[in-house]
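**Student:**
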Amino acid sequence: MDSIAKQVLEKSGFSKLNPVQEEALKAGVLEGENLVLAAPTASGKTLIAEFAALNAIKKGTKVVYIVPLRALASEKYHEFKEKYESLGIRIALSIGDLDSSDHWLARFDLIIVTSEKFDSLLRHGIPWIDQVGLVVVDEIHLLNDPGRGPTLEVTITKLKTLINPQILALSATIRNYEEIAEWLQAKAVRSDYRPVKLYKGVCFGREIHYEPKKKKKELGSEYPPDFEIAKDTL
643 MDSIAKQVLE
653 KSGFSKLNPV
663 QEEALKAGVL
673 EGENLVLAAP
683 TASGKTLIAE
693 FAALNAIKKG
703 TKVVYIVPLR
713 ALASEKYHEF
723 KEKYESLGIR
733 IALSIGDLDS
743 SDHWLARFDL
753 IIVTSEKFDS
763 LLRHGIPWID
773 QVGLVVVDEI
783 HLLNDPGRGP
793 TLEVTITKLK
803 TLINPQILAL
813 SATIRNYEEI
823 AEWLQAKAVR
833 SDYRPVKLYK
843 GVCFGREIHY
853 EPKKKKKELG
863 SEYPPDFEIA
873 KDTL
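Residue numbering for the sequence shown follows my numbering, starting at 643 and increasing by one per position.
Below is the structure:
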């Protein structure tokens, strides 16, 4: 196992790669290959981004991590800061004023932004852009969103034109991953791997009937069925 991957796994409480992570490494994510990764929620996609981020930072370049929502950006910031600040990695969060160039970001190694904020930074002509070696795009399927998609597409297009960094695109729900991989000149990895098996069922009254095993489960009676289902998943 690559030493960087091992370091990330240890920081995250794991001892070995899962099948999705093995495929990403085989596809060359640590050799600078662009990659579109389509895999279910909780399949270990974020750790692959962390492998690539530490690899890029180790080579002396910056990493930009693009997410769709401010709340998600804040979550990633605190998570990465807790895990990697002790390694000397300088982590920044930039989700605020779209009219500011946030010149202070030049001091940081890993910069977490929303797509709208990064579009604004590019428009301001940030001087450190040529130091970026890796861009992670979380929720790449939002390219298909009529509201947010155009901004994300323009941002990625600008990046490819300005510096052509390594791009790692992640999604749990994308269907046209091969088309996006072709656009990004990337390898495509798709996996159905889930650490916890997913069961499908139909709720009827206060019972969930699961297929194909013909099993059923009684819901509680304290709340309406939809609330009980939500409570049962937590």
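Every residue, glycine too, gets a C-beta built ideally from N, C-alpha and C. Predicted model, so just to flag it, every value in this text is computed and none were measured.
#1: Give the C-beta separation of Val705 and Asp761 to the nearest angstrom, bearing in mind that I take them to be a contact with Cβ-Cβ under 8 Å.
#2: Does the distance from the C-beta atom of Arg712 to that of Thr683 stay below 9 Å?
#3: Find out if the Cβ-Cβ distance for the pair Leu812, Ile690 is shorter than 9 Å.
#4: Could you check what DSSP says for His851 in three-state terms: helix, strand or coil?
#5: Let me make sure I understand the geometry here. Which of Glu824, Leu785, Asn806 has the alpha-carbon closest to that of Asp772?
#6: In the DSSP output, which residue or residues are listed as bridge partners for Gly843?
#7: Is the separation between the beta-carbon of Gly775 and that of Lys701 shorter than 9 Å?
#8: With Val662 as the anchor, note down where its beta strand (DSSP E) starts and where it stops.
#9: Considering only their Cβ atoms, is the gap separating Ile768 from Ile754 smaller than 9 Å?
#10: Please tell me whether Ile822 and Val678 are closer than 9 Å, where the distance is taken between their beta carbons.
#11: Excluding sequence positions up to five away, which residues of its chain have a Cβ less than 8 Å from the Cβ of Gln663?
**Tutor:** Here's the rundown:
#1: Incorrect: roughly 18 Å between the Cβ atoms, too far for contact.
#2: no
#3: yes
#4: strand
#5: Asn806
#6: Tyr852
#7: yes
#8: Per DSSP, Val662 belongs to no beta strand (DSSP E); it is in the alpha helix (DSSP H), 661-668.
#9: no
#10: yes
#11: Ala647, Gly686, Leu689, Ile690, Phe693
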